[in-house]
Structures are given as C-alpha cells and as structure tokens.
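Here's the structure we're looking at; comments come further down.
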Amino acid sequence: MHAQPTGKILPMQRATLVPEARLHSPSEYAAALKGRRIARGAFFVLTLARQGDAGPQALARLGLIIPKRHAPLAVTRNTLKRVVRESFRHVRHGLAPGIYVVRLHAKVPPQSLRSLKTLARAEADTHFKRAAP
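Read in order, the letters of the sequence shown correspond to residues 7 to 139 in the working numbering.
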C-alpha cells in the first residue's frame, strides 16, 4: 500500500491483463489456432487469427498453450506463462485487433529459471514485434 500526502492509504494497483484480453474457452482456442502462423522460434510458435468484427471494441487478445509434455515442471510452465503475458501486456495496444496464441512447441532444456526467463522474454518480444503492423 502507498501512503499519500493526505494520509490516506490506497491499495497498490496491479498491472495485469484485463480478462477481456485473454482467451477463456476451448472453442476460442480452436478458432484461433486456425489462423496463420506469424513466427516460430526456439520455444514458441505465434499464431494470429484476425477478428471478423473489427469494431471499436476489438482488441488484441492472448491465448497461451504450454503443454506439460514440453515443460514437465509446474514452476517452468507458470514462469513461461508469466513472461509471455508480461511481454504481450507491454505491446498489446500497438498490435492489430485479433487473437494471438503463443504455443510452446519444443521441450524446455534443463536450465536455471533466470536464464529461461531471459530467453523466453527475448523470443516473445521478437515474435510480438514481428506481429505489429
């Protein structure tokens, strides 16, 4: 909590993705995976499905597929999701409206979480930069 000069204590605001910017149901993922592949790297494949109704409410949305067979440890899967979400959050307003699905396609080699975060963030940033108009 932050103390304001007036003496009031305000709760800290979190910088997270709003629920409208994420995919929730399997049918949304199925439709999104029929889109075209934008980028492929050492870890991730980025797929984009354009939204048909590009009205004023249209926005860039994110879906993540991090399978257990490629990242057996939960801590690894959660770290990858956190890193990709953070990368997407920084560029979301600069992306064209559509559904962006990031899928882990290769087995994660044994390494420290710090080095994994660095590699995953660099790759995610590169993919989203490539997807920007």
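The C-beta atom is built at its ideal place from N, Cα and C for all residues, glycine as well.
Original post:
Helix, strand or coil: which one does DSSP assign to Val-108?
Top reply: Position 102 of the sequence shown, counting from 1, holds the residue named residue 108. The answer is strand: DSSP assigns Val-108 an E or B state.
Subject >> With 16 other Cβ atoms within 10 Å as the buried cut-off, status of Ser-121 >> reply: For the purposes of this step, residue 121 is taken as the residue at position 115 of the sequence shown. Per the 10 Å Cβ criterion, exposed.
**OP:** Go ahead and label Arg-109 buried or exposed: buried means 16 or more other beta carbons lie within 10 angstroms of its beta carbon, across all protein chains shown.
**Re:** In the sequence shown, residue 109 corresponds to position 103, counting from 1. Arg-109 is classed as buried because its beta carbon has at least 16 other beta carbons within 10 Å across all chains shown.
Subject >> The beta strand (DSSP E) enclosing Val-51, as first and last residue numbers >> reply: Residue mapping note: residue 51 aligns to position 45 of the sequence shown, counting from 1. Element bounds for Val-51: 50-56.
Subject >> Selection from Phe-94, Leu-68, Ile-72, His-111 that minimises the alpha carbon distance to His-30 >> reply: Within the sequence shown, residue 30 is the residue found at index 24, counting from 1. Measuring C-alpha to C-alpha distances from His-30 to each of Phe-94, Leu-68, Ile-72, His-111 identifies Leu-68 as the nearest.
Subject >> Residues that DSSP places opposite Arg-46 in a beta bridge >> reply: The residue you call residue 46 lines up with position 40 of the sequence shown. Beta-bridge pairing links Arg-46 to Val-51.
Original post:
Arg-120 by DSSP, collapsed to three states: which one?
Top reply: One-based indexing of the sequence shown puts residue 120 at position 114. DSSP, reduced to helix, strand and coil, places Arg-120 within a helical segment of the structure shown.
Original post:
Can you give the Cα-Cα distance for Arg-127 and His-76, rounded to whole angstroms?
Top reply: Here residue 127 refers to the residue found at position 121 when the sequence shown is read from its first residue. Here residue 76 refers to the residue found at position 70 when the sequence shown is read from its first residue. Cα to Cα, the separation comes out at about 17 Å.
Subject >> Coarse secondary structure for Leu-23, derived from DSSP in three states >> reply: Start at 1 with the first residue of the sequence shown, and residue 23 comes out as number 17. In the three-state reduction of the DSSP assignment, Leu-23 falls in the coil class, being assigned neither a helical nor a strand state.
Original post:
In terms of DSSP beta bridges, what is Gly-69 paired with?
Top reply: For the purposes of this step, residue 69 is identified with residue 63 of the sequence shown, where counting begins at 1. Gly-69 is bridged by DSSP to Val-107.
Subject >> Which of helix, strand or coil DSSP assigns to Tyr-35 >> reply: Your numbering for residue 35 matches position 29 in the sequence shown. DSSP places Tyr-35 in the helix class (H, G or I) of the three-state scheme.
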